[in-house]
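K.L.:
Submitted below is the structure of interest, expressed as structure tokens.
2 protein chains.
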Amino acid sequence: MSNAGNNNPLPKARLRLWLRLLKAQRLIEAELREKLRIEYASTLPRFDVLAALHRAERGLKMSELSDELMVSNGNVTGIVDRLVDDGTVVRVPVDGDRRAMRVKLTDQGRDYFRKLAGEHEGWVSDLLAMFDEDSAEELAARLHEIADANPESEVN
Amino acid sequence: MSNAGNNNPLPKARLRLWLRLLKAQRLIEAELREKLRIEYASTLPRFDVLAALHRAERGLKMSELSDELMVSNGNVTGIVDRLVDDGTVVRVPVDGDRRAMRVKLTDQGRDYFRKLAGEHEGWVSDLLAMFDEDSAEELAARLHEIADANPESEVN
DNA sequence: CTTGAATATTTTAAGCTTGAAATAAAATAG
DNA sequence: CTATTTTATTTCAAGCTTAAAATATTCAAG
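These protein sequences, in sequence, are chains L and Z.
Residues in the first sequence are numbered from 1 upward in steps of one, following the numbering used here.
Residues in the second sequence are numbered from 1001 upward in steps of one, following the numbering used here.
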């Protein structure tokens, strides 16, 4: 049967929510991207990789990185290549498994990221200045439900 | 002065909010992208262009398209090129301005999009099934504040 | 008119992203 | 042991994305 002219308001409300979410994300991402580019000659994907590595004391394997960031593994290869060229990260062999590589921040990379991360937090805080602590946390909790209800999404 | 060890909870809460927003967006986008690819051999950027054109009866100029979608104008050129190859859209000269082009859905493109849009709404609704109409609308309103407070962000 | 600034679009080079195929090593069976 | 399958990563081709430069046209002074 045809669904033409269907006007059920629930799916429409959810669709509007999705479009708003997308618009907010794009706006914030565009601002952050521009700041990273102009002030640090860097990019968001690079920042994301550094952030993930900074959270992981002893580094991450390529596959752990791509899981963490929800991007394909082939993608991470290229970004890490460029970070290696910069001298901010290194690939070290995982002993006991000659297939795997552990990616770690260099000392230089760690210093660099710490400076960046402080700035980044400030930029985000400015962009989300309309939320006080409570509303930010409440909103974050609501958004968490989305990831919670749709687990294990594989990107590969 | 150094900011090391700063633990101000407000920026941290906003940063968490941003990370949640980003995670939710990526999850939904990955699902939609996969469905479009597998079931329709299409992509999200193409869908976004078609959706914008569907909302605009008499078509959109290239620059209107890139404003609407918040992507660079060079970007739209490539996507529209491919849609023209598919036969879903056409570029028609704007009379009175030989620089400009108006992009319009073809009849075939309109039919195709209508089918797609119905499916798309269903996919989104399923992914956001944890929100009833009221919470979806409330959340959307909260997110709208972000775009509202950061207007006129130029992507070009 | 003509010159110069502004606008609309495309092109370009570089980087990001994906899914699939290729490579290599490890783990599992038989 | 050896063959098969699984796992970790890279490579590849195609498409997306950006910022900047190039083109082409229109608009605004003078």
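All C-beta atoms in this analysis are idealised placements derived from N, C-alpha and C, irrespective of residue type, glycine included.
So does Leu1143 (chain Z) have its beta carbon nearer than 7 Å to some heavy atom of the ligand ATP?
P.N.:
As far as ligands go, the structure on display features none, and thus does not contain the ligand ATP.
K.L.:
Got a sec, what are the start and stop residues for the alpha helix (DSSP H) Val1084 (chain Z) sits in?
P.N.:
Start and end: Asn1073 to Asp1086.
K.L.:
DSSP three-state label for Asp132 (chain L), please.
P.N.:
The answer is coil: DSSP assigns Asp132 (chain L) none of H, G, I, E or B.
K.L.:
Asp1097 (chain Z) lies in the alpha helix (DSSP H); which residues open and close that run?
P.N.:
Per DSSP, Asp1097 (chain Z) belongs to no alpha helix (DSSP H); it is in the beta strand (DSSP E), Asp1097 to Leu1105.
K.L.:
What do you get for Gly1074 (chain Z), buried or exposed, if any count of 16 or more other CB atoms within 10 angstroms of its CB means buried?
P.N.:
So Gly1074 (chain Z) counts as exposed.
K.L.:
Do the CB positions of Gln1025 (chain Z) and Leu19 (chain L) come within less than 8 Å of each other?
P.N.:
Going by C-beta atoms, Gln1025 (chain Z) is not nearer than 8 Å to Leu19 (chain L).
K.L.:
Could you list the residues in the segment 1093-1108 of chain Z with a C-beta less than 9 Å from some C-beta on chain L, going in chain order?
P.N.:
Listed in sequence order: no entries.
K.L.:
Taking only three categories from DSSP, how would you classify Arg1020 (chain Z)?
P.N.:
Note: Arg1020 (chain Z) maps to helix in three-state DSSP.
K.L.:
If you count every other CB in all the chains shown that lies within 10 Å of the CB of Ile1038 (chain Z), and 16 or more means buried, which is it?
P.N.:
It counts as exposed.
K.L.:
What does the Cβ neighbour count give for Arg142 (chain L), buried or exposed, with the cut at 16 atoms within 10 Å?
P.N.:
Result: buried.
K.L.:
Would a C-beta distance cut-off of 8 Å place Val89 (chain L) and Val76 (chain L) closer than the cut-off?
P.N.:
The answer is no: Cβ separation not under 8 Å.
K.L.:
Which residues in the same chain as Phe1131 (chain Z) place their Cβ atom closer than 8 Å to its Cβ, once the five residues preceding and following it in sequence are excluded?
P.N.:
These residues qualify, in order along the chain: Leu1139.
K.L.:
I'd like to know if Lys1035 (chain Z) contacts chain L, where contact means its C-beta is closer than 8 Å to some C-beta of that chain.
P.N.:
So no, Lys1035 (chain Z) is outside the interface.
K.L.:
Pull the bridge partners of Lys1061 (chain Z) from the DSSP assignment, please.
P.N.:
Note: Lys1061 (chain Z) sits in a beta bridge opposite Z:Arg1102.
K.L.:
Just to confirm, are Arg114 (chain L) and Ile79 (chain L) a CB contact at a threshold of 8 Å?
P.N.:
The answer is no: Cβ separation not under 8 Å.
K.L.:
Give me the residue from L:Asn7, L:Val124 and L:Glu137 with the minimum Cα distance to Lys35 (chain L).
P.N.:
Measuring from the Cα of Lys35 (chain L), the nearest candidate turns out to be L:Val124.
K.L.:
In the DSSP assignment, find the alpha helix (DSSP H) that holds Ala52 (chain L) and state where it starts and stops.
P.N.:
That run of the alpha helix (DSSP H) goes Leu44 to Arg55.
K.L.:
Would you kindly work out how many angstroms separate the C-alpha atoms of Leu1017 (chain Z) and His1144 (chain Z), rounded to a whole number?
P.N.:
In a straight line, the C-alpha of Leu1017 (chain Z) is about 15 Å away from that of His1144 (chain Z).
K.L.:
Just checking, does the segment 89-100 of chain L make contact with the segment 52-63 of chain L on the three C-beta pairs under 8 Å criterion?
P.N.:
With a cut-off of 8 Å, the segment 52-63 of chain L and the segment 89-100 of chain L count as touching, because enough Cβ pairs lie within range.
K.L.:
Please go through the same chain and pick out, in chain order, the residues whose beta-carbon is closer than 7 Å to the beta-carbon of Arg1055 (chain Z), but skip the five residues on each side of it.
P.N.:
There are no such residues.
K.L.:
Give me the residue from Z:Asn1008, Z:Ala1136 and Z:Asp1148 with the minimum Cα distance to Leu128 (chain L).
P.N.:
Of the listed residues, the one whose Cα sits closest to Leu128 (chain L) is Z:Asp1148.
K.L.:
Quick one: which chain L residues come within Cβ less than 9 Å of Lys1061 (chain Z)?
P.N.:
Those do not exist, as Lys1061 (chain Z) stays about 21 Å from chain L at its closest Cβ, beyond 9 Å.
K.L.:
List the residues of chain Z that Val124 (chain L) touches, going by C-beta distances under 8 Å, in chain order.
P.N.:
Within 8 Å Cβ-Cβ: Pro1011, Arg1014, Leu1015 and Trp1018.
K.L.:
Would Ala13 (chain L) pass as a contact of Ala1013 (chain Z) if the rule is Cβ separation under 8 Å?
P.N.:
Their beta carbons are not under 8 Å apart, which means Ala13 (chain L) does not touch Ala1013 (chain Z) by this criterion.
K.L.:
Note down the Cα distance separating Ala51 (chain L) from Gly1118 (chain Z), rounded to an integer number of angstroms.
P.N.:
For Ala51 (chain L) and Gly1118 (chain Z), the distance between alpha carbons rounds to 39 Å.
K.L.:
Please state whether the Cβ-Cβ distance between Ile146 (chain L) and Leu1027 (chain Z) is less than 8 Å.
P.N.:
It is a contact, given that the beta carbons lie within the stated cut-off.
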